[in-house]
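S.K.: In case it helps, the numbering used here puts the sequence shown at residues 33 to 450. Just so you know, even glycine gets a beta-carbon here, dropped at the ideal spot from N, CA and C.
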Amino acid sequence: MLACTAEATAYQKAFGQELRRRVVEDREPYAIVQADTPHELFHAMDIPIVTNQWWSAYISAKQLSTRYFDKLVEAGYPANSCKYCSLGLACSVANESETAPWGGLPTPTVMVARLTCDCIQQVFGQWANLLGSEFFPMEAPAWTDKDPQWFAHSRDEWRRVYQPDRIAHMVAEMQDLIALLENRTGRKFDEGKFHHLMEQINVQEGYIWEAAQAIGKARPCPVSIAEQMPNTMIPQWHRGSDWAVAHAKKFRDEVLERIATGQGTSGNEKLRLMWIGAGVWHDPGFYQALEESLGAVFVWSMYMPFAGPAYIRELQGSPMEALASRVASMNETLHLPPWMNGWMVAEAQRCGIDACVLLLPPDNRLSQSGTKLTALALEDAGVPVLMIDADMVDAKIWDHDRMVGMVADFLREKGLAQ
Numbered sequence: 033m034l035a036c037t038a039e040a041t042a043y044q045k046a047f048g049q050e051l052r053r054r055v056v057e058d059r060e061p062y063a064i065v066q067a068d069t070p071h072e073l074f075h076a077m078d079i080p081i082v083t084n085q086w087w088s089a090y091i092s093a094k095q096l097s098t099r100y101f102d103k104l105v106e107a108g109y110p111a112n113s114c115k116y117c118s119l120g121l122a123c124s125v126a127n128e129s130e131t132a133p134w135g136g137l138p139t140p141t142v143m144v145a146r147l148t149c150d151c152i153q154q155v156f157g158q159w160a161n162l163l164g165s166e167f168f169p170m171e172a173p174a175w176t177d178k179d180p181q182w183f184a185h186s187r188d189e190w191r192r193v194y195q196p197d198r199i200a201h202m203v204a205e206m207q208d209l210i211a212l213l214e215n216r217t218g219r220k221f222d223e224g225k226f227h228h229l230m231e232q233i234n235v236q237e238g239y240i241w242e243a244a245q246a247i248g249k250a251r252p253c254p255v256s257i258a259e260q261m262p263n264t265m266i267p268q269w270h271r272g273s274d275w276a277v278a279h280a281k282k283f284r285d286e287v288l289e290r291i292a293t294g295q296g297t298s299g300n301e302k303l304r305l306m307w308i309g310a311g312v313w314h315d316p317g318f319y320q321a322l323e324e325s326l327g328a329v330f331v332w333s334m335y336m337p338f339a340g341p342a343y344i345r346e347l348q349g350s351p352m353e354a355l356a357s358r359v360a361s362m363n364e365t366l367h368l369p370p371w372m373n374g375w376m377v378a379e380a381q382r383c384g385i386d387a388c389v390l391l392l393p394p395d396n397r398l399s400q401s402g403t404k405l406t407a408l409a410l411e412d413a414g415v416p417v418l419m420i421d422a423d424m425v426d427a428k429i430w431d432h433d434r435m436v437g438m439v440a441d442f443l444r445e446k447g448l449a450q
């Protein structure tokens, strides 16, 4: 294990305790937000946030998802709710202080989500009513620029790529959100702090992008995605902070050191696998289960390489517009054609991928939207794809041994393993 992996995990544990103190014990004003909303505004105002996807992963890691989804159905909600976005709602519906992390979440000042699918306004609207809060929806205007190579231009041509009208609309909404937060919390938005934060985010994401580029070229793979994920995602929740920038640099340096000394995550690497989808947060050991027996190493997930095209922006004198360009299409680039499949085919080629395992959550509409077209695009490019019906936070439909066996059988059937 990398030294920085343990450090990231320890930092996040301490952060969770501090966040709990601020939100639950001290009852500071805080927000519940989706992952694709402008977290930087809250950071610039020192307003704590609980990210819905992080909270879902936290609940799932504590093996509570089955219990809460059962409670959600008992309360009359549909059994096929999108699990990733509704697990936090399920926890609040269950209203079990004795089992819920932190005893459950108190009433937030505001709840924020982009309207990226039909169900998200229902989840956040009902959740806000249940907690006695207010839902601040942000639009997801249509992206008419259908450039499959968007990732090659997003750093410096972001105004063109993400379209001036969409950027202006997002800026207006962010200004409205800032006004709401100032009015409700008494805290002021600090332009200087925000500008510095955006500059530091570019530095942080640059380190992660360098590490991603190096891992794609290295043989053997120096770091499995089981360690790439925490060293990328934990700093992303704190992006732009002094700790996050320093940790990203430390991670990059440790990756380069392992490459220089020829160290691999497996001593038996034969196959390079790509994982498409959010992490299976209730079974992180899945990703390294076939490293020694078949030499099958998961070298790619979306989290690390996304740092470059999705986050790095030349500010061009307007950090607010640069942030708007980042937020405007984050989900689209991960889930919808032609952006999703164009990027992932390019990444498979960059990293020398032999096969892909693609997560297809049965009840997650957004994650289904572009995955099948992406599978077709990868197969057309010579990369065989296994699609598995499973969920990133719902452990009820997951069986470790069956899933590992399914991947092993797929690799053997394709003649990639014996």
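Rounded to whole angstroms, how far is the Cβ of residue 175 from the Cβ of residue 364, which I believe are closer than 8 Å?
M.R.: 6 Å
S.K.: Return the first residue and the last residue of the beta strand (DSSP E) that residue 332 is part of.
M.R.: 328–332
S.K.: Closest to residue 257 by C-alpha separation, out of 217, 310, 354, would be which residue?
M.R.: 310
S.K.: For the alpha helix (DSSP H) containing residue 199, list its first residue and its last residue.
M.R.: 196–217
S.K.: Considering only the alpha carbon of each residue, which of 418, 334, 293 lies closest to residue 250?
M.R.: 293
S.K.: Kindly indicate which three-state DSSP category residue 430 falls into: helix, strand or coil?
M.R.: coil
S.K.: Could you have a look at residue 388 and say whether DSSP puts it in helix, strand or coil?
M.R.: Strand, per DSSP.
S.K.: Could you tell me whether the segment 68–76 touches the segment 218–230, where touching means 3 or more Cβ pairs closer than 8 Å?
M.R.: yes
S.K.: Taking only runs of the beta strand (DSSP E) that begin and end inside the segment 46–111, which ones reach a length of at least 3 residues, in chain order?
M.R.: 63–65, 81–83
S.K.: Apart from the five residues on each side of it in sequence, which residues of its chain come closer than 7 Å, Cβ to Cβ, to residue 139?
M.R.: Result list for residue 139: 163, 164, 165, in chain order.
S.K.: Helix, strand or coil: which one does DSSP assign to residue 307?
M.R.: strand
S.K.: I'd like to know whether the C-beta atoms of residue 271 and residue 236 end up nearer to each other than 8 Å.
M.R.: yes
S.K.: Out of 241, 439, 414, point me to the one whose CA is closest to residue 318's CA.
M.R.: For residue 318, the nearest C-alpha among the options comes from 439.
S.K.: Along the alpha helix (DSSP H) that carries residue 366, what are the first and last residues, could you check?
M.R.: For residue 366, the uninterrupted alpha helix (DSSP H) segment begins and ends at 362–367.
S.K.: Any heavy atom of the ligand SAH within a distance shorter than 7 Å of the CB on residue 122?
M.R.: Of the ligands one can find in the structure shown there are none, so the ligand SAH has no counterpart to examine.
S.K.: Are the beta-carbon atoms of residue 339 and residue 241 separated by less than 8 Å?
M.R.: yes
S.K.: Kindly confirm or deny that the segment 57–68 and the segment 376–388 touch, where touching means at least three C-beta pairs closer than 8 Å.
M.R.: Contact between the segment 57–68 and the segment 376–388 is absent, because fewer than three Cβ pairs lie under 8 Å.
S.K.: Which first and last residues belong to the beta strand (DSSP E) in which residue 142 is found?
M.R.: Looking at the DSSP string, the run of the beta strand (DSSP E) that includes residue 142 is 142–146.
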